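A.B. asks: Here it is: the structure, laid out below.
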Amino acid sequence: NRPAHNSCLDGLLALLAISDCFLAFLGTMVKIILASCLVLSVVNVLNCVDRGNFKTCDQSSFCKRNRALQEGNSPFEIIPGTIKYEYGTVSCDLLNTQTQVSFKLTIDTLEKDTARVRVTELSPIRPRYFVHDSLVKTPAQKRLKKETSEDGTFKVSFGNNVIVGTYKPLRIDFYDSEVLVLSFNSRGLMNFEHYRTKQEAPEPAAEETGEEKKEETPKETVKDEEGMWEENFKEHHDSKPNGPSSVGMDVSFLGFEHVYGIPEHADSFALKETTGGDPYRLYNLDVFEYELDNPMALYGSIPFMVAHSARRSVGLFWNNAAETWIDIKSSKSVLSSLISLFKTADVPQVDTHWMSESGIMDVFVLMGPKPSDVLTQYATLTGTATMPPVFGISYHQCRWNYNDQEDVKQVDAGFDEHDIPCDVIWLDIEHTDSKKYMTWDSSKFPNPTEMIDNVASKGRKMVTIIDPHIKRDSGYHIHTQATERQFYVKKKEASDYEGWCWPGSSSWIDFFNPEAQKWWASNLQVGNYQGSTLNLFTWNDMNEPSVFNGPEVTMHKDAIHYGNWEHRDVHNLYGMLQHKSSFNGHLQRSDNKERPFILSRAFFAGTQRYGAVWTGDNKAEWSHLKASIPMLLSMNIAGLPFVGADVGGFFGNPDVELLVRWYQAAAFTPFYRGHAHLETKRREPWLFGPENTKLIRSAIRRRYLLLPYFYNLMRETHETGLPVMRPLWFEYPEDTKTFAMDDQFLLGDSLLVKPVTSSGTTDVLVYFPGGESQVWYDFDTYKKHAGGITDNIPTPMDKIPSFIRGGRMLPIKQRVRRASSLMSNDPYTLIFALDNNSAASGSLYVDDGHSNDYKHGKYLAIDFRMTATQINKVDKHSNYDSKSWIEKIIVLGMKTKPSSATLIYTDNVQQLSFTYENEVLVIKKPVSTIVGNFVITFS
Numbered sequence: 001n002r003p004a005h006n007s008c009l010d011g012l013l014a015l016l017a018i019s020d021c022f023l024a025f026l027g028t029m030v031k032i033i034l035a036s037c038l039v040l041s042v043v044n045v046l047n048c049v050d051r052g053n054f055k056t057c058d059q060s061s062f063c064k065r066n067r068a069l070q071e072g073n074s075p076f077e078i079i080p081g082t083i084k085y086e087y088g089t090v091s092c093d094l095l096n097t098q099t100q101v102s103f104k105l106t107i108d109t110l111e112k113d114t115a116r117v118r119v120t121e122l123s124p125i126r127p128r129y130f131v132h133d134s135l136v137k138t139p140a141q142k143r144l145k146k147e148t149s150e151d152g153t154f155k156v157s158f159g160n161n162v163i164v165g166t167y168k169p170l171r172i173d174f175y176d177s178e179v180l181v182l183s184f185n186s187r188g189l190m191n192f193e194h195y196r197t198k199q200e201a202p203e204p205a206a207e208e209t210g211e212e213k214k215e216e217t218p219k220e221t222v223k224d225e226e227g228m229w230e231e232n233f234k235e236h237h238d239s240k241p242n243g244p245s246s247v248g249m250d251v252s253f254l255g256f257e258h259v260y261g262i263p264e265h266a267d268s269f270a271l272k273e274t275t276g277g278d279p280y281r282l283y284n285l286d287v288f289e290y291e292l293d294n295p296m297a298l299y300g301s302i303p304f305m306v307a308h309s310a311r312r313s314v315g316l317f318w319n320n321a322a323e324t325w326i327d328i329k330s331s332k333s334v335l336s337s338l339i340s341l342f343k344t345a346d347v348p349q350v351d352t353h354w355m356s357e358s359g360i361m362d363v364f365v366l367m368g369p370k371p372s373d374v375l376t377q378y379a380t381l382t383g384t385a386t387m388p389p390v391f392g393i394s395y396h397q398c399r400w401n402y403n404d405q406e407d408v409k410q411v412d413a414g415f416d417e418h419d420i421p422c423d424v425i426w427l428d429i430e431h432t433d434s435k436k437y438m439t440w441d442s443s444k445f446p447n448p449t450e451m452i453d454n455v456a457s458k459g460r461k462m463v464t465i466i467d468p469h470i471k472r473d474s475g476y477h478i479h480t481q482a483t484e485r486q487f488y489v490k491k492k493e494a495s496d497y498e499g500w501c502w503p504g505s506s507s508w509i510d511f512f513n514p515e516a517q518k519w520w521a522s523n524l525q526v527g528n529y530q531g532s533t534l535n536l537f538t539w540n541d542m543n544e545p546s547v548f549n550g551p552e553v554t555m556h557k558d559a560i561h562y563g564n565w566e567h568r569d570v571h572n573l574y575g576m577l578q579h580k581s582s583f584n585g586h587l588q589r590s591d592n593k594e595r596p597f598i599l600s601r602a603f604f605a606g607t608q609r610y611g612a613v614w615t616g617d618n619k620a621e622w623s624h625l626k627a628s629i630p631m632l633l634s635m636n637i638a639g640l641p642f643v644g645a646d647v648g649g650f651f652g653n654p655d656v657e658l659l660v661r662w663y664q665a666a667a668f669t670p671f672y673r674g675h676a677h678l679e680t681k682r683r684e685p686w687l688f689g690p691e692n693t694k695l696i697r698s699a700i701r702r703r704y705l706l707l708p709y710f711y712n713l714m715r716e717t718h719e720t721g722l723p724v725m726r727p728l729w730f731e732y733p734e735d736t737k738t739f740a741m742d743d744q745f746l747l748g749d750s751l752l753v754k755p756v757t758s759s760g761t762t763d764v765l766v767y768f769p770g771g772e773s774q775v776w777y778d779f780d781t782y783k784k785h786a787g788g789i790t791d792n793i794p795t796p797m798d799k800i801p802s803f804i805r806g807g808r809m810l811p812i813k814q815r816v817r818r819a820s821s822l823m824s825n826d827p828y829t830l831i832f833a834l835d836n837n838s839a840a841s842g843s844l845y846v847d848d849g850h851s852n853d854y855k856h857g858k859y860l861a862i863d864f865r866m867t868a869t870q871i872n873k874v875d876k877h878s879n880y881d882s883k884s885w886i887e888k889i890i891v892l893g894m895k896t897k898p899s900s901a902t903l904i905y906t907d908n909v910q911q912l913s914f915t916y917e918n919e920v921l922v923i924k925k926p927v928s929t930i931v932g933n934f935v936i937t938f939s
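Going by the UniProt record's numbering, 674 is the number at position 674 of the sequence shown; the sequence numbering is gapless.
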């Protein structure tokens, strides 16, 4: 997570130090190169992102070719007589009339109102890569019904959904009942570059012999263009031994004005039109100090898009791990339904164009119709988020780097001294022996086990960084084993791929090899990772993969992975497979008893199954704080909920106001970590004076107060796939005012948050969704705010604008301790925020917070429901002996003071004492346990 030029300097300075003899040999050459590196360093520091290091669409030849296609009649046609219908599949052959190459089209109708469209070559000269690691299992089919069709079309239905295929030119339309919502190839931009043999240059014309010359049939009907068989970018050469292989498809969303998703981009939540610039790019890259408000690729890629309107939501998952570009533009539609094909209508439409460098066309259509349906459908395909340990959603303290064991000891003690909760202390690359991962610097960390145990004695954990690049050092056991077992990615010539990263000369583990995955997992076992314990967890960084001397600071596309796949085929999957391997290693080291915690920088569809991610190397600027909200919303709406941004910004030194506001905003995001660059000033929370320490302490304590609610949300997303951070339209889908809103969000369905993201802000405008029937309560003051209006909310430095939704129950813990593990048996406070009908409901999930026993049914799942006259507690599942109890019930919006409150618990009836003021009822110590059903009645 640092600039690549540092490695250039480090390496050359090391060379300079080797010997005078070596210096004499290199002479002036080294001095010139060193000077160039120094200049490059200065340029990079001043200009942040050097865009010249990263491709535009015009510099990516397949993107340029696909984008140059003209709208109109497509050359792809269904071959008559090839249509076949099976249980949940309709298939046929396609013909590209320009190339005379045939393809196979398969449409599967799946459970949960989902369909799958696949196109691949009918008879390829070599296999094409298709992604399977993204899917949690083979999707279950749903029986389709063959409908009567007119000539030149086929029509099938499943549930309320209808699919209509047009033969010539090919077009595939998806209808929700009679309403057309999504269309493939309606603009004729479908493209599939079949594998072929490279044509040799024509021989010089023969001399006239008097004989009639016989003309030859050309081998190909497609003209080769620049970049099809080899491509250069800066000093890097891509050999492209298999030639052109891109796939592309236009997909139109009819009846929609807004689309969301396809993270990761530092851009607005509602995706922008790209007609005036580059398309959005999905290609995992190490882009330090990234710029905002542009479609450049960043560290992760999820090719999943959601379209939303006031009437419905639909989703599209483009299951391809190669470099991908997506164009977006808005237009109007004249086709709106099956029964009005010839009627014009002023229907908004978002046109998208998906282009990938290789692989097959494998696309899932998720028919919704509600936003929650789309996310549940997507989770059925790619899985839900893993259930984290409670410490994972607590506060984490990180820096590149804490200097040594004594430094760690002092930081750990600092949190106790200043009464600030903290659960995890992190170590970056400097803790290792010469950047050899799973080792320790013996002078700085002579007894790591003792250090980890000391931190654990406070109830805390530690994390060390473990990157996928391995130092090429014959004395390093990881390198020796990887070399002997052939676990490295290969060059196209079959030797081990070598590049430059933090350790210097490095090679990269080939996580596409199942045996390499198992071996990697085995190295994380406590007995193999010397100095580790079960209280040490893992951070996978630089796994895009980042290669300092590679094209675009990543791996060459013609590198070879296990199975003889080129890196171009699988690039966006690489980081996820390291994440998966580390996750499995942590499971195995505890014999599957303890939940892993693994953080990864790179990600793909399915990453949610293995842990957390963050937004990478951001900057200590207000603009980056503001941008973190839409970035995290985009990840959540793309099925990746356990996410966060480095508090305070990784690069640079935040002013105190920015730091405080960032701590406040991030307290409401799923992953909560303070992190900073090696060259920044130290910024532990107590270093900015007593008043600012108090403000930061209050923000972090707010997070710990809300841990029961966060834990409920992580359980909910683990079970259903619903996001943790939600755009307002997710809960209020018909409220058009929310569709382009990304400066406030919902945490689950119960808490509205409007972070302060600008300097000098003394008040913010908060929009309260839901119309007149909805009511909101200020979390701090319990003041009411009506739905459907915008209110001005004062924001002194100690104010975090957050509001409880009327009609919801919020579980919290008011006894905040130095670490979450020490709060496990503490009592709960339940806040019932009544709606206008004097009702509220909510849930509470409880388990031990760290083990996998919940998978075996050892947990509590409790429902609470309140009306004007009573509170009901019902245990949906009760198989965990919790020592917690309910120490307080707070009821907001209770319009009249009750004369009495009576607890009915088992055979006991008890009168409860309470206070009442300004429509707030407080019952103290109502129940001495959270196990068992009870009723509290009011009269």
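From the three backbone atoms N, C-alpha and C, an ideal C-beta is built for every residue, glycine too.
Small disclaimer: the values here were computed from a predicted structure and weren't measured.
For I328, count the other beta carbons within 10 Å of its own beta carbon; 16 or more makes it buried, fewer makes it exposed. Which is it?
C.D. replies: As a first step, residue 328 must be located in the sequence shown, where it is residue number 328. Its Cβ being crowded by 16 or more others within 10 Å, I328 is buried.
A.B. asks: Check the C-beta distance from P654 over to A620 and give it rounded, since I have them as a contact under 8 Å.
C.D. replies: The residue you call residue 654 lines up with position 654 of the sequence shown. The residue you call residue 620 lines up with position 620 of the sequence shown. Between A620 and P654 the Cβ distance is about 4 Å, and since that is below 8 Å, they are a contact.
A.B. asks: According to DSSP, is V874 part of a helix, a strand, or is it coil?
C.D. replies: Along the sequence shown, one-based indexing puts residue 874 at 874. DSSP places V874 in strand when its eight states are reduced to three.
A.B. asks: Is the CB-CB distance between D467 and Y437 below 8 Å?
C.D. replies: To locate residue 467, count along the sequence shown from 1; it is residue 467. To locate residue 437, count along the sequence shown from 1; it is residue 437. Closer than 8 Å, so yes.
A.B. asks: By the three-class DSSP mapping on this structure, what secondary structure does H571 have?
C.D. replies: Taking the first residue of the sequence shown as position 1, residue 571 is located at position 571. Of the three classes helix, strand and coil, the one that applies to H571 here is helix, per DSSP.
A.B. asks: Which of the three DSSP states, helix, strand or coil, is assigned to M894?
C.D. replies: Here residue 894 corresponds to residue number 894 of the sequence shown, with the count starting at 1. Coil, per DSSP.
A.B. asks: Give the single residue among L105, A115, V131 and F864 whose Cα lies nearest to the Cα of S123.
C.D. replies: For this step, residue 123 is matched to residue 123 along the sequence shown. Nearest of L105, A115, V131 and F864 to S123, Cα basis: L105.
A.B. asks: Per DSSP, what are the beta-bridge partners of Y280 in this structure?
C.D. replies: Locating residue 280 in the sequence shown gives position 280, where the first residue counts as 1. Answer is I326, bridged to Y280.
A.B. asks: F914 and L921 look like a contact to me (Cβ under 8 Å); what is the Cβ gap, rounded to whole Å?
C.D. replies: As a first step, residue 914 is located in the sequence shown; it is residue number 914 there, counting from the start. As a first step, residue 921 is located in the sequence shown; it is residue number 921 there, counting from the start. F914 to L921, Cβ: 6 Å. Contact.
A.B. asks: Helix, strand or coil for V455? Go by DSSP, reduced to three states.
C.D. replies: Residue mapping note: residue 455 aligns to position 455 of the sequence shown, counting from 1. The answer is helix: DSSP assigns V455 an H, G or I state.
A.B. asks: Classify E552 as helix, strand or coil using the three-state DSSP reduction.
C.D. replies: Along the sequence shown, one-based indexing puts residue 552 at 552. Three-state DSSP puts E552 in a helix.
A.B. asks: Can you round the beta-carbon distance between V110 and R118 to whole angstroms, since I take them to be within the 8 Å contact cut?
C.D. replies: If you number the sequence shown from 1, residue 110 lands on position 110. If you number the sequence shown from 1, residue 118 lands on position 118. Here the sequence assigns Leu to residue 110, which means Val is not the residue at that position. Actually they do not touch by this definition, with Cβ atoms about 12 Å apart.
A.B. asks: Threshold first: 4 residues or longer. Then list the alpha helix (DSSP H) segments lying entirely within the region 411–475, N to C.
C.D. replies: Segments of the alpha helix (DSSP H) lying fully in the region 411–475: 448–456.
A.B. asks: Would DSSP call N47 helix, strand or coil?
C.D. replies: Mapped onto the sequence shown, residue 47 falls at position 47. Because N47 sits at a pLDDT of 39, beneath the cut-off of 50, its placement in the model cannot be relied upon, and the following sentence gives the value as read from the coordinates. Helix, per DSSP.
A.B. asks: Figure out for me which residue from T449, V553, E544 and S505 has the closest Cα to the Cα of F537.
C.D. replies: Here residue 537 is taken as the residue at index 537 of the sequence shown, counted from 1. The residue with the shortest Cα to Cα distance from F537 is T449.
A.B. asks: Considering only the alpha carbon of each residue, which of D50, Y777 and I804 lies closest to L747?
C.D. replies: In the sequence shown, residue 747 corresponds to position 747, counting from 1. Per the Cα distances, I804.
A.B. asks: In angstroms with no decimal places, state the Cα-to-Cα distance between L892 and V816.
C.D. replies: Indexing the sequence shown from 1 puts residue 892 at position 892. Indexing the sequence shown from 1 puts residue 816 at position 816. Taking the straight line joining both Cα atoms gives about 23 Å.
A.B. asks: Looking at the structure shown, is N523 part of a helix, part of a strand, or coil, going by DSSP?
C.D. replies: The sequence position of residue 523 within the sequence shown is 523, counting from 1. It is helical.
A.B. asks: Just to confirm, is the Cβ distance from Y905 to N712 under 8 Å?
C.D. replies: In the sequence shown, counting from the first residue as 1, residue 905 sits at position 905. In the sequence shown, counting from the first residue as 1, residue 712 sits at position 712. Contact flag unset, no.
A.B. asks: Between S824 and G807, is the Cβ-Cβ spacing less than 8 Å?
C.D. replies: Sequence index remark: in the sequence shown, residue 824 carries index 824 (1-based). Sequence index remark: in the sequence shown, residue 807 carries index 807 (1-based). Going by C-beta atoms, S824 is not nearer than 8 Å to G807.
A.B. asks: Going by beta-carbon coordinates alone, are R609 and S851 separated by less than 8 Å?
C.D. replies: The residue given as residue 609 occupies position 609 in the sequence shown. The residue given as residue 851 occupies position 851 in the sequence shown. No, they are not a contact pair.
A.B. asks: In the structure shown, what three-state DSSP assignment does V764 receive?
C.D. replies: Indexing the sequence shown from 1 puts residue 764 at position 764. Of the three classes helix, strand and coil, the one that applies to V764 here is strand, per DSSP.
A.B. asks: Suppose the cutoff is 6 Å on Cβ atoms and the five residues either side in sequence are ignored; what does the same chain contact list for W502 look like?
C.D. replies: To locate residue 502, count along the sequence shown from 1; it is residue 502. These residues qualify, in order along the chain: I429 and K435.
A.B. asks: Compare the Cα-Cα distances from K145 to each of W500, M542, G315 and Y85 and report the closest residue.
C.D. replies: Position 145 of the sequence shown, counting from 1, holds the residue named residue 145. Closest by alpha carbon: Y85.
A.B. asks: Give me the DSSP bridge partner(s) of P348.
C.D. replies: Here residue 348 refers to the residue found at position 348 when the sequence shown is read from its first residue. P348 pairs with K332.
A.B. asks: Use the C-beta contact count for S773: other C-beta atoms within 10 angstroms, 16 or more gives buried, fewer gives exposed.
C.D. replies: Numbered from 1 along the sequence shown, position 773 holds the residue referred to as residue 773. Classification for S773: exposed.
A.B. asks: Going residue by residue through the region 218–253, where are the continuous beta strand (DSSP E) segments of at least 3 residues, counting only ones entirely within it?
C.D. replies: Whole beta strand (DSSP E) segments, 3+ residues: 231–233 and 236–238.
A.B. asks: Assuming N933 contacts V874 under a Cβ cut-off of 8 Å, what Cβ separation, rounded to an integer in Å, is found between them?
C.D. replies: On the sequence shown, position 933 is the one that residue 933 refers to. On the sequence shown, position 874 is the one that residue 874 refers to. Correct: roughly 6 Å between the Cβ atoms.
A.B. asks: Is it buried or exposed for P794, if we count other Cβ within 10 angstroms and need 16 for buried?
C.D. replies: As a first step, residue 794 must be located in the sequence shown, where it is residue number 794. So P794 ends up on the exposed side.
A.B. asks: Report buried or exposed for G585, applying the criterion of at least 16 other Cβ atoms within 10 angstroms of its Cβ.
C.D. replies: For the purposes of this step, residue 585 is taken as residue 585 along the sequence shown, with counting starting at 1. Answer is buried; the Cβ neighbour count reaches 16.
A.B. asks: Among W519, N872 and L707, which one has its Cα closest to the Cα of T926?
C.D. replies: Locating residue 926 in the sequence shown gives position 926, counting from the first residue. Correcting the residue identity first, residue 926 is Pro in this sequence and not Thr. That would be N872, whose Cα lies nearest to the Cα of P926.
A.B. asks: Hey, could you find the ends of the beta strand (DSSP E) E917 is sitting in?
C.D. replies: If you number the sequence shown from 1, residue 917 lands on position 917. It spans F914 to E917 - the beta strand (DSSP E) in which E917 sits, taken as one unbroken run.
A.B. asks: Using 10 angstroms around the beta-carbon of L765, count the other beta-carbons present and answer buried if the total reaches 16, otherwise exposed.
C.D. replies: Your numbering for residue 765 matches position 765 in the sequence shown. L765 should be labelled exposed.
A.B. asks: Across which residues does DSSP place V365 in a beta bridge pair?
C.D. replies: Translated into positions along the sequence shown, residue 365 becomes position 365. A115 and L316.
A.B. asks: Below 8 Å between beta carbons: does that hold for F304 and F317?
C.D. replies: Counting from 1 along the sequence shown, the entry for residue 304 is found at position 304. Counting from 1 along the sequence shown, the entry for residue 317 is found at position 317. Cβ distance < 8 Å, so F304 and F317 count as in contact.
A.B. asks: Have a look at R485 and Q530 and give me their C-alpha separation to the nearest angstrom.
C.D. replies: Here residue 485 is taken as the residue at index 485 of the sequence shown, counted from 1. Here residue 530 is taken as the residue at index 530 of the sequence shown, counted from 1. So the two alpha carbons sit approximately 21 Å from each other.
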